[in-house]
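For the protein sequence lines, the chains are F and Z, in the order given.
Residues are numbered in this note's numbering as their position in the first sequence, beginning at 1, plus a constant of 261.
Residues are numbered in this note's numbering as their position in the second sequence, beginning at 1, plus a constant of 43.
Working notes, beginning with the structure itself.
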Amino acid sequence: MSQMPVAPDLVSFSGVTKTYSGITALDGVSFVIKRGEAVCLAGENGSGKSTLIKILAGVERPDRGKIMFSGVEQVALNPRLSAASGIKVIFQDFSLFPNLSVAENIAFSAEISTGATWFNRARIQTLAAATMKRVGVELNLNAPVETLSVAHKQLVAICRALATDAQLIIMDEPTTALTEKEVRALLTIIRRLKADGVAVLFVSHKLAEVLEVCESVVVLRNGKKVADGPASEFDAAKLTRHMTGRDVASAAPTPIDQSAPELMRVEDLGKAGAFESVSFALHQGEVLGISGLLGSGRTALAKALFGLVAPDSGSITLDNQKIVLGDPLKAAAAGIGYVPEDRLTEGLFLLQPIARNVAIGRLEAHTAGGGMLNLQSLWGETADWLKRLKVKAANIEAPVRSLSGGNQQRVVLARWLARGPKVLVLNGPSVGVDVGSKAEIHEIIAGLSAQGLGVIVISDDLPELLSTCHRILVMKEGKIIDDVAGNAITEVDLAHRLAS
Amino acid sequence: MMDVIRKNLARNETLVLLVILGFCVLAAVSDRGFLSVPTMTDLLRGSIVLTIFAVAAMLVLVSGGIDVSFTAIAAFTMYATAMLLNTYAPGVPWYLAILLGMLIGATLGCINGILIAGFGLPTLIVTLGTLSIFRGFMLTFIGQKQITTLPPGMREFGRMMMIRGENADGSFYALPWAFAATVLVVVLTWFILQKTMMGRSIFAIGGSVESARRIGINVRGTQFFIYVYVGALAGLAGIIHSSMARVANPFDLVGLELYVIAAVVLGGARLAGGYGTLSGTMLGVALIVLVRNSLVVIGVPATWQSVAVGILILIGTGLPAWQAKRTAAKAA
Numbered sequence: 262m263s264q265m266p267v268a269p270d271l272v273s274f275s276g277v278t279k280t281y282s283g284i285t286a287l288d289g290v291s292f293v294i295k296r297g298e299a300v301c302l303a304g305e306n307g308s309g310k311s312t313l314i315k316i317l318a319g320v321e322r323p324d325r326g327k328i329m330f331s332g333v334e335q336v337a338l339n340p341r342l343s344a345a346s347g348i349k350v351i352f353q354d355f356s357l358f359p360n361l362s363v364a365e366n367i368a369f370s371a372e373i374s375t376g377a378t379w380f381n382r383a384r385i386q387t388l389a390a391a392t393m394k395r396v397g398v399e400l401n402l403n404a405p406v407e408t409l410s411v412a413h414k415q416l417v418a419i420c421r422a423l424a425t426d427a428q429l430i431i432m433d434e435p436t437t438a439l440t441e442k443e444v445r446a447l448l449t450i451i452r453r454l455k456a457d458g459v460a461v462l463f464v465s466h467k468l469a470e471v472l473e474v475c476e477s478v479v480v481l482r483n484g485k486k487v488a489d490g491p492a493s494e495f496d497a498a499k500l501t502r503h504m505t506g507r508d509v510a511s512a513a514p515t516p517i518d519q520s521a522p523e524l525m526r527v528e529d530l531g532k533a534g535a536f537e538s539v540s541f542a543l544h545q546g547e548v549l550g551i552s553g554l555l556g557s558g559r560t561a562l563a564k565a566l567f568g569l570v571a572p573d574s575g576s577i578t579l580d581n582q583k584i585v586l587g588d589p590l591k592a593a594a595a596g597i598g599y600v601p602e603d604r605l606t607e608g609l610f611l612l613q614p615i616a617r618n619v620a621i622g623r624l625e626a627h628t629a630g631g632g633m634l635n636l637q638s639l640w641g642e643t644a645d646w647l648k649r650l651k652v653k654a655a656n657i658e659a660p661v662r663s664l665s666g667g668n669q670q671r672v673v674l675a676r677w678l679a680r681g682p683k684v685l686v687l688n689g690p691s692v693g694v695d696v697g698s699k700a701e702i703h704e705i706i707a708g709l710s711a712q713g714l715g716v717i718v719i720s721d722d723l724p725e726l727l728s729t730c731h732r733i734l735v736m737k738e739g740k741i742i743d744d745v746a747g748n749a750i751t752e753v754d755l756a757h758r759l760a761s
Numbered sequence: 044m045m046d047v048i049r050k051n052l053a054r055n056e057t058l059v060l061l062v063i064l065g066f067c068v069l070a071a072v073s074d075r076g077f078l079s080v081p082t083m084t085d086l087l088r089g090s091i092v093l094t095i096f097a098v099a100a101m102l103v104l105v106s107g108g109i110d111v112s113f114t115a116i117a118a119f120t121m122y123a124t125a126m127l128l129n130t131y132a133p134g135v136p137w138y139l140a141i142l143l144g145m146l147i148g149a150t151l152g153c154i155n156g157i158l159i160a161g162f163g164l165p166t167l168i169v170t171l172g173t174l175s176i177f178r179g180f181m182l183t184f185i186g187q188k189q190i191t192t193l194p195p196g197m198r199e200f201g202r203m204m205m206i207r208g209e210n211a212d213g214s215f216y217a218l219p220w221a222f223a224a225t226v227l228v229v230v231l232t233w234f235i236l237q238k239t240m241m242g243r244s245i246f247a248i249g250g251s252v253e254s255a256r257r258i259g260i261n262v263r264g265t266q267f268f269i270y271v272y273v274g275a276l277a278g279l280a281g282i283i284h285s286s287m288a289r290v291a292n293p294f295d296l297v298g299l300e301l302y303v304i305a306a307v308v309l310g311g312a313r314l315a316g317g318y319g320t321l322s323g324t325m326l327g328v329a330l331i332v333l334v335r336n337s338l339v340v341i342g343v344p345a346t347w348q349s350v351a352v353g354i355l356i357l358i359g360t361g362l363p364a365w366q367a368k369r370t371a372a373k374a375a
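In structure tokens:
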């Protein structure tokens, strides 16, 4: 029997360690990536994922350990060398040029690496078209990238990585901004790439959905590799357990009291082009989920409930009082709170201190007359809420930007809870937060419901809906097409109803 | 079809073009003599220097920066060149005078380039600083008196006419060859922006500096090129200005930079960078020149000039911005 010659692994890390001013970011990590293989690198924020990407991309040098590309040891890796070896990083923000065309975005780096002086539009169009064909996508080559959806921007970024000779594509948080359907499309493309001999490294804290295309899994926690093995041996629960080091419950919430009085009633709400004839009731202590794909009208509905979008018709009643539509200040005064999907741009004053971000919601309750504020009671209450929601901050005077995603979300929650709302609308409550914080946010939601608050959770994260909501409304093309009890449906069934 | 119309209406270029046409109709109605070759040559002559400035300012805006020092570079260059040539080489022909001016301008632009590309300082701060320094340096060390006798080369260039004619009433009209220099500048800049990797890199860094760095664009080199090129253009504009005016007045030009940037923004360039076209820039200049030269024709007092320009800027840039906001609100 003759021995088949074994091709060396595409990338191999052995005992790679990196410290930043005394803090160990990576601690003796070893793993391999084979040609044409997809590897899933899982870990929470701060587990060392980004450091690992930076080392692979040649941006950072490890303190110790050996890195080999195709069997050749790399002692002095730099970004140019790494790119020349076919290692391409697709950053979370895609690093595209919004003002340039799809074709230019795809072919620009390839053109630069040829050292061309003249800009050859025909060659760029040809290369871009060929690359898109290879990946199996169809986009208008001349469309400016800023007009594309997030999913399409990601496709452009993938094409750009492939336009130059790519051996390994590293995707940083590839699925966080995508809907389920778009994730499906992405997986199809990944399969094509693998068949083409390109390896893929997924780096994320939200990986259950890409497991099916991966050959192997590596889990990092606090800079150490805590688990690895074939992807077939992992499932979502096991991944989460390794990432967090503990079990995160995902059981359905405790059912509410059937006799709980009605808190809020939405009748026949409509907005041309967004949603129509939406009616539902929310009871005290009930957590109501509203789900739907992107474009189903869920975001517009969420905004309409808080007055950020003015509906054309219908009514919202809270505690038997009709609420003035299309006016967020009146909605807030009536007792509705709204936590937006995009905390960073819609919900927080990023450069302002944590404490001020909470206090801003309660200025009117702490006036000392003559336009002055009673600062003592204001800061007292603020600190109290931060403590109650377990915001982990060394200093409440530090800017909110310095907090992790989960803690930022808690700051927004604290601001609203300090106002003592009756109904809280949470739009994508755990978008961009890690698994551990997500579970804690879900606990907070359960706690609010136990106190009798009505909570509306708008999300397309199905496990999240199933583990927090008593009832789930499914939206499609602006209409509510389903109203199901949270404990009477499985994730697969729900996903099917969303996409059907 | 309606969609195409609506899309084009939202563009600054279309708006500016419509305003220009409207203005011309009004002017033609109030003054039968408006639509004539002499008015045309007057307007074209008035736009020679402004267009060169505007092309330079547009290039900087596209790259995501802003330059306010180009008028000071132009004033410095024309004054220093006239002084140098008068003192040391009065016999130099016009093309060498222009070359010298462009070299001086490029050298001053080089200072901007070193501060911006080399030290990574903010463009507005740097050029505000150099605006003041270039001007102060000229007034202190070179001179403050007008030079009324230009070197022969520059005088000759100012007298070279492409078109010359006599009106029915016996007055003259003419279009100087300097206009050809402006055309050359526009063509050369178009070539750089559309046909070279350098030009596309200018658009790329205007779109996202960070992304440009990540894919290996030489950001510093590109920025350095921009400020040197802009300096050379400003130098050229300075020489042309004094040749046409037949005088080198050190107090000229500075103060024009806001009109120029206004023209460029009217033409659709975005202050945030990444966007700008030569056609839009030329339309913007045409509108500003029309307003500056011909507002009187349609019966608006000359003192209202700056008010009119201000209103144009607010409408011309505000309307598309407002429309974009409305579209975004609809999409949400």
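Here a beta-carbon is modelled for each residue, glycine too, at the ideal position from N, C-alpha and C.
> Out of curiosity, what's the CA-to-CA distance linking V339 (chain Z) and I91 (chain Z)?
Replying inline: For this step, residue 339 (chain Z) is matched to residue 296 along the second sequence. For this step, residue 91 (chain Z) is matched to residue 48 along the second sequence. Between the alpha carbons of V339 (chain Z) and I91 (chain Z) lies a gap of roughly 21 Å.
>> If you measure between the beta carbons of A513 (chain F) and H544 (chain F), is that distance less than 8 Å?
In response: Reading the first sequence from its first residue, position 252 is the one you call residue 513 (chain F). Reading the first sequence from its first residue, position 283 is the one you call residue 544 (chain F). No, these two residues do not count as a Cβ contact at 8 Å.
>> If you reduce the DSSP assignment to three classes, tell me which class N292 (chain Z) lands in.
In response: Taking the first residue of the second sequence as 1, we reach residue 292 (chain Z) at position 249. N292 (chain Z) falls in the coil class under three-state DSSP.
> M329 (chain F) bridges to which residues according to DSSP?
Replying inline: Position 68 of the first sequence, counted from the start, is the residue given in the question as residue 329 (chain F). M329 (chain F) is bridged to F:S273, F:E334.
> Taking the alpha carbon of V320 (chain F) as the point to measure from, which residue in F:G297, F:V350, F:V692 has its own alpha carbon closest?
Replying inline: Translated into the one-based positions of the first sequence, residue 320 (chain F) becomes position 59. Considering only F:G297, F:V350, F:V692, the residue with the shortest C-alpha distance to V320 (chain F) is F:V350.
> Would A375 (chain Z) count as contacting chain F if we go by Cβ distances under 8 Å?
Replying inline: One-based indexing of the second sequence puts residue 375 (chain Z) at position 332. At A375 (chain Z) the pLDDT is 49, less than 50, meaning the model places this residue with poor confidence; the figure from the coordinates comes in the next sentence. Yes, A375 (chain Z) counts as interfacial toward chain F.
> Thinking just about the alpha-carbon of each residue, which of F:L726, F:R758, F:H757 is nearest to the one in G747 (chain F)?
Replying inline: Along the first sequence, one-based indexing puts residue 747 (chain F) at 486. Distance from the Cα of G747 (chain F) is smallest, within the candidate group F:L726, F:R758, F:H757, for F:L726.
> Going along the segment 94-120 of chain Z in order, which residues come within less than 8 Å of chain F, judged by CB to CB distance?
Replying inline: None of the residues of the segment 94-120 of chain Z has a beta carbon lying less than 8 Å from any beta carbon of chain F.
> Do W646 (chain F) and A675 (chain F) have their CB atoms nearer than 8 Å?
Replying inline: Counting from one through the first sequence, the residue named residue 646 (chain F) turns up at place 385. Counting from one through the first sequence, the residue named residue 675 (chain F) turns up at place 414. With contacts defined as CB atoms closer than 8 Å, W646 (chain F) and A675 (chain F) qualify as a contacting pair.
> Does the beta-carbon of N581 (chain F) have 16 or more other beta-carbons within 10 angstroms, so that it is buried, or is it exposed?
Replying inline: Taking the first residue of the first sequence as 1, we reach residue 581 (chain F) at position 320. It counts as exposed.
>> Determine whether the beta carbon atoms of I419 (chain F) and I348 (chain F) lie at a separation below 8 Å.
In response: Within the first sequence, the letter at position 158 stands for residue 419 (chain F). Within the first sequence, the letter at position 87 stands for residue 348 (chain F). In this structure, I419 (chain F) lies away from I348 (chain F), with their beta-carbon atoms at least 8 Å apart.
> Out of curiosity, what's the CA-to-CA distance linking M329 (chain F) and L342 (chain F)?
Replying inline: Start at 1 with the first residue of the first sequence, and residue 329 (chain F) comes out as number 68. Start at 1 with the first residue of the first sequence, and residue 342 (chain F) comes out as number 81. Taking the straight line joining both Cα atoms gives about 13 Å.
>> I need the DSSP call for Y281 (chain F), collapsed to helix, strand or coil.
In response: As a working note, residue 281 (chain F) is residue 20 in the first sequence. Correct three-state label for Y281 (chain F): strand.
> Residue ranges of each alpha helix (DSSP H) run of no fewer than 4 residues wholly in the segment 161-190 of chain Z, ordered along the chain?
Replying inline: At a cut-off of 4 residues, the continuous stretches assigned as alpha helix (DSSP H) that sit fully inside the segment 161-190 of chain Z are 166-180.
>> Between I260 (chain Z) and chain F, is any beta-carbon pair separated by less than 8 Å?
In response: Residue mapping note: residue 260 (chain Z) aligns to position 217 of the second sequence, counting from 1. Yes, its Cβ sits closer than 8 Å to a Cβ of chain F.
>> So for E537 (chain F), helix, strand or coil by DSSP?
In response: On the first sequence, position 276 is the one that residue 537 (chain F) refers to. Three-state result, E537 (chain F): strand.
> So, is A234 (chain Z) buried or exposed, given that buried needs 16 or more other C-beta atoms within 10 angstroms?
Replying inline: Here residue 234 (chain Z) corresponds to residue number 191 of the second sequence, with the count starting at 1. The displayed chain sequence assigns Phe, not Ala, to residue 234 (chain Z). It counts as exposed.
> DSSP on M203 (chain Z), reduced to helix/strand/coil?
Replying inline: As a first step, residue 203 (chain Z) must be located in the second sequence, where it is residue number 160. Here M203 (chain Z) sits in coil by DSSP.
>> Taking the straight line between their C-alpha atoms, what separation do you get for A375 (chain Z) and P601 (chain F)?
In response: For the purposes of this step, residue 375 (chain Z) is taken as the residue at position 332 of the second sequence. For the purposes of this step, residue 601 (chain F) is taken as the residue at position 340 of the first sequence. Here the model assigns A375 (chain Z) a pLDDT of 49, short of 50, so the residue's position is not dependable and the matter cannot be decided.
>> Strictly by DSSP, which residues pair up with W379 (chain F)?
In response: Here the question's residue 379 (chain F) lines up with position 118 in the first sequence. Looking at the DSSP assignment, W379 (chain F) forms a beta bridge with Z:T239.
>> Within the continuous beta strand (DSSP E) that includes L462 (chain F), where are the two ends?
In response: Within the first sequence, the letter at position 201 stands for residue 462 (chain F). Unbroken beta strand (DSSP E) run through L462 (chain F): 460-465.
> For V31 (chain Z), which residues of its own chain have a beta-carbon under 8 Å away from its beta-carbon, when the five flanking residues on both sides are left out?
Replying inline: The displayed coordinates of chain Z run from 44 to 375. Any statement about residue 31 (chain Z) would go beyond what the structure contains.
>> Counting only Cβ pairs nearer than 7 Å, list the residues of chain F close to G250 (chain Z).
In response: Stepping through the second sequence from its first residue, residue 250 (chain Z) is reached at position 207. What G250 (chain Z) touches in chain F: F358, P359, N360, L361.
> Based on Cα-Cα distance, which residue from F:P435, F:H503, F:L624 lies nearest to Q353 (chain F)?
Replying inline: By one-based count along the first sequence, residue 353 (chain F) stands at place 92. Of the candidates F:P435, F:H503, F:L624, the one whose C-alpha sits nearest the C-alpha of Q353 (chain F) is F:P435.
>> Give me the residue from Z:G359, Z:G264, Z:S251, Z:L362 with the minimum Cα distance to Y318 (chain Z).
In response: Residue 318 (chain Z) sits at position 275 when you count from the first residue of the second sequence. The candidate whose alpha carbon is nearest that of Y318 (chain Z) is Z:S251.
> Which ranges does the alpha helix (DSSP H) cover as unbroken runs of at least 4 residues, wholly within the segment 512-580 of chain F, from first to last along the chain?
Replying inline: Listed in chain order, the alpha helix (DSSP H) elements of length 4 or more contained wholly in the segment 512-580 of chain F are 559-566.
> Are the Cβ atoms of G596 (chain F) and P690 (chain F) separated by less than 8 Å?
Replying inline: On the first sequence, position 335 is the one that residue 596 (chain F) refers to. On the first sequence, position 429 is the one that residue 690 (chain F) refers to. No, these two residues do not count as a Cβ contact at 8 Å.
> Can you give, in chain order, each stretch of the alpha helix (DSSP H) that sits fully within the segment 300-332 of chain Z and has at least 4 residues?
Replying inline: Runs found: 300-309.
> Residue range of the beta strand (DSSP E) that R732 (chain F) falls in?
Replying inline: Indexing the first sequence from 1 puts residue 732 (chain F) at position 471. If you look at R732 (chain F), you'll find it in the beta strand (DSSP E) that goes 732-737.
>> Give me the chain Z residues within the contact set of F567 (chain F), using Cβ-Cβ distance strictly less than 9 Å, ordered along the chain.
In response: Walking along the first sequence from the start, residue 567 (chain F) turns up at place 306. Simply none; closest approach about 13 Å.
> Exposed or buried, W137 (chain Z), counting other C-beta atoms within 10 Å across all chains shown (16 or more means buried)?
Replying inline: Residue mapping note: residue 137 (chain Z) aligns to position 94 of the second sequence, counting from 1. It is buried - the Cβ of W137 (chain Z) has at least 16 other Cβ atoms within 10 Å.
> I think A404 (chain F) touches S356 (chain F), with their Cβ atoms under 8 Å apart; what is that distance to the nearest whole Å?
Replying inline: What you label residue 404 (chain F) is simply residue 143 of the first sequence in a count that begins at 1. What you label residue 356 (chain F) is simply residue 95 of the first sequence in a count that begins at 1. That belief does not hold up - the Cβ atoms of A404 (chain F) and S356 (chain F) are roughly 18 Å apart, past 8 Å.
>> Any beta carbon from chain F within less than 8 Å of Y272 (chain Z)'s own beta carbon?
In response: As a position in the second sequence, residue 272 (chain Z) is number 229, starting the count at 1. Chain F, which has no Cβ nearer than 8 Å to the Cβ of Y272 (chain Z), makes this no.
> Of the choices Z:M205, Z:F119, Z:V273, whose alpha-carbon is the least far from that of F180 (chain Z)?
Replying inline: Your numbering for residue 180 (chain Z) matches position 137 in the second sequence. Of the candidates Z:M205, Z:F119, Z:V273, Z:F119 places its Cα closest to the Cα of F180 (chain Z).
> For Q670 (chain F), does the count of other Cβ atoms within 10 angstroms reach 16, so buried, or fall short, so exposed?
Replying inline: The count along the first sequence starts at 1 and reaches residue 670 (chain F) at position 409. Around the beta carbon of Q670 (chain F), 16 or more other beta carbons lie within 10 angstroms, which makes this residue buried.
>> Please classify H757 (chain F) as buried or exposed, where buried requires at least 16 neighbouring CB atoms within 10 angstroms.
In response: By 1-based counting over the first sequence, the position of residue 757 (chain F) is 496. By the 10 Å Cβ count, H757 (chain F) comes out exposed.
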